[in-house]
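Remarks on the structure that follows.
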Amino acid sequence: MSQPSAAVLARQRRRLAARRKDLSTSSSRYASRSAWTSAWQAIGLAGADGNRDGQFTAQVREKAAFVDPLKLVGHELGSLRSSIKQLLGSGHPALDTIAKYYFQAEGKHVRPLIVLLMSQAMNGLSPVYEERRQTAISTAHSPGGAQGINEPLSPSDILNDYNPDESESIPSATHGAILPTQRRLAEITEMIHVASLLHDDVIDEANMRRNAPSAPSLFGNKLSILAGDFLLARASVALSRLGSNEAVELVASVLANLVEGEVMQMKGASSGSRMSPELFEHYMQKTYLKTASLIAKSARATAILGGAGTRQGWPEGEYIKDLAYSYGRNLGIAFQLVDDMLDYTAQDSILGKPGQGADLKLGLATAPALLAWEEFPEMGELIKRKFEHDGDIDLAKHLVGKSSGLARTASLAAEYAATAKGALARLPDSEAQRNDVRRSAMHERAHTLHILVSSPAIATSGLAVGHVASQLSDRARLSL
3 MSQPSAAVLA
13 RQRRRLAARR
23 KDLSTSSSRY
33 ASRSAWTSAW
43 QAIGLAGADG
53 NRDGQFTAQV
63 REKAAFVDPL
73 KLVGHELGSL
83 RSSIKQLLGS
93 GHPALDTIAK
103 YYFQAEGKHV
113 RPLIVLLMSQ
123 AMNGLSPVYE
133 ERRQTAISTA
143 HSPGGAQGIN
153 EPLSPSDILN
163 DYNPDESESI
173 PSATHGAILP
183 TQRRLAEITE
193 MIHVASLLHD
203 DVIDEANMRR
213 NAPSAPSLFG
223 NKLSILAGDF
233 LLARASVALS
243 RLGSNEAVEL
253 VASVLANLVE
263 GEVMQMKGAS
273 SGSRMSPELF
283 EHYMQKTYLK
293 TASLIAKSAR
303 ATAILGGAGT
313 RQGWPEGEYI
323 KDLAYSYGRN
333 LGIAFQLVDD
343 MLDYTAQDSI
353 LGKPGQGADL
363 KLGLATAPAL
373 LAWEEFPEMG
383 ELIKRKFEHD
393 GDIDLAKHLV
403 GKSSGLARTA
413 SLAAEYAATA
423 KGALARLPDS
433 EAQRNDVRRS
443 AMHERAHTLH
453 ILVSSPAIAT
463 SGLAVGHVAS
473 QLSDRARLSL
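Be aware that the sequence shown starts at 3, since it is given in my numbering, and climbs by one per residue.
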């Protein structure tokens, strides 16, 4: 096959750049002052006319038909925890117990759910997908096969990594449209996420996690940190066996992002005398690194494992991967914005972790507080001293409640959710979708977020996140 000329490649690059323009694929939403100002004006609209409930809630509720994503990927999610435990076995009893501790309780599994739904939504867009699926079925021990992803690349005696729980049995490659490598990626994303929880609970001195005592409170800080490191190590080994250098590079870079985001959160930005674009940009960049990076890059890796970019025209394959990344990035940021609002409204018993000002107790100023600062200059002094004085936390919560901070944060979350929704809308149709062009409305993926909120403004963005993820559920359904 002849290589394209330099002129053709240049045209392809221009075409791809034009299509990428509206996707917000950079790590920072506010890469330029004009873009930042536009978004700042957008969140300023919330509450401008006294309607702090926003209009999005009413728009979403008009479309009340829901598609349950668990009906699409419930089989895979059902075996997720047991499969992960098999990957985490250790010959040392204490390490074995701590590494698996957070997998005892049922979590939300948002990240693996997105990977599995993205797999079903995007598989079939590449001409090599069906070939990969058939290879996984017929050649179980191939690199992409059902057993191949469990087999070491180096001699076991050299690896010296004994896992007493490792099983020869993993989910069949014939179930549904999801490839074995994509199922394993879903497990890897949850392992990385739980490792970050172990580390976060040490840093935050958290006593509770998922309505149970946190790992540090039971096992101590040192063992909890080591258990988190162990999860990351096992996730890295599993990642290396997926057979895709590009996917490995993407997900491995998440580990650096998590550390960078944590350092940004700990150090904070140098506070000025008033709220500034730079301070909010620091918060948004931290949000991408700590939360959205894993969702975004695993979504892109999902498309890669499904064959996106292989035997396709270069711009088409790259654009599909960009769409997957844009969806994950924007949904991830929306998800974190909602989570930051819940810190001001939801009860600890409902969240399963400390709420009601937990961020303030850690000295953290998230979007609601930063936006409240614009209306109440006294918030700036509280932020500068990290809410350390007696009465600071109660005063900060009072100022946030008086301000439009929650409504404006909800508006921003809805904007990011809408951008994620737009990325899905640009995906080309697979053959299955050409034969069935029906579109159901949405599934309330963010059900937990939605039912917990006590503010209509927060319910607005909770529904926004639910709407976006539901569209992915619908697309995955049509791809079956």
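Even glycine gets a Cβ: it sits at the ideal position worked out from N, Cα and C.
The straight-line gap separating the alpha-carbon atoms of Val-256 and Tyr-285 is approximately 18 Å. DSSP lists Pro-215 as the beta-bridge partner residues of Met-210. No Cβ-Cβ contact shorter than 8 Å links Arg-135 with Leu-187.
For Ser-238, the closest alpha carbon among the candidates Leu-228, Ile-227, Ser-219 and Glu-251 is that of Glu-251. The beta carbon of Arg-243 is closer than 6 Å to those of Ile-151 in its chain, skipping five residues each way along the sequence. When DSSP states are grouped into helix, strand and coil, Ala-101 belongs to the helix group. Separation of Arg-410 and Leu-373 (C-alpha to C-alpha, rounded to the nearest whole angstrom) is 8 Å. Taking a C-beta distance under 8 Å as the contact criterion, Val-196 and Pro-218 do not qualify as a contact pair. When rounded, the separation of the alpha-carbon atoms in Gln-184 and Ala-326 is 14 Å. DSSP, reduced to helix, strand and coil, places Asp-396 within a helical segment of the structure shown. Around the CB of Ile-116, 16 or more other CB atoms lie within 10 Å, so the residue is classed as buried. A straight line joining the alpha-carbon of Glu-133 with that of Gly-311 spans about 14 Å. Residue environment analysis places Gly-76 among the exposed positions, since fewer than 16 neighbouring C-beta atoms fall within 10 angstroms of its C-beta.
For the pair Asn-223 and Lys-386, the Cα-to-Cα distance works out to about 28 Å.
The beta carbon of Arg-428 lies closer than 6 Å to those of Leu-325 in the same chain, with the five residues before and after it left out. In the three-state DSSP reduction, Gly-330 falls in the helix class (H, G or I).
The alpha-carbon separation between Gly-359 and Gly-126 amounts to approximately 46 Å. Boundaries of the alpha helix (DSSP H) harbouring Ile-139: 131 to 140, taken from the DSSP string. Following the DSSP letters along the chain, one finds Thr-368 in no alpha helix (DSSP H), marked with neither H nor E.
His-391 carries a coil assignment under DSSP once its states are collapsed to helix, strand and coil.
A distance below 7 Å between beta-carbons, with the five flanking residues on each side excluded, links Leu-384 to the following residues of its chain, in chain order: Asp-394, Leu-397 and Ala-398. In this structure, Leu-401 places its C-beta atom within 8 Å of the C-beta atom of Met-381. Burial is judged here by how many other beta carbons sit within 10 angstroms of a residue's own beta carbon; Ile-86 has at least 16 and is buried. Considering only Glu-417, Ala-367 and Met-120, the residue with the shortest C-alpha distance to Met-277 is Ala-367. Taking all protein chains shown into account, Glu-168 has fewer than 16 neighbouring C-beta atoms within 10 Å of its C-beta and is therefore exposed.
Here Gln-267 is buried: its Cβ has 16 or more other Cβ atoms, across all protein chains shown, within 10 Å.
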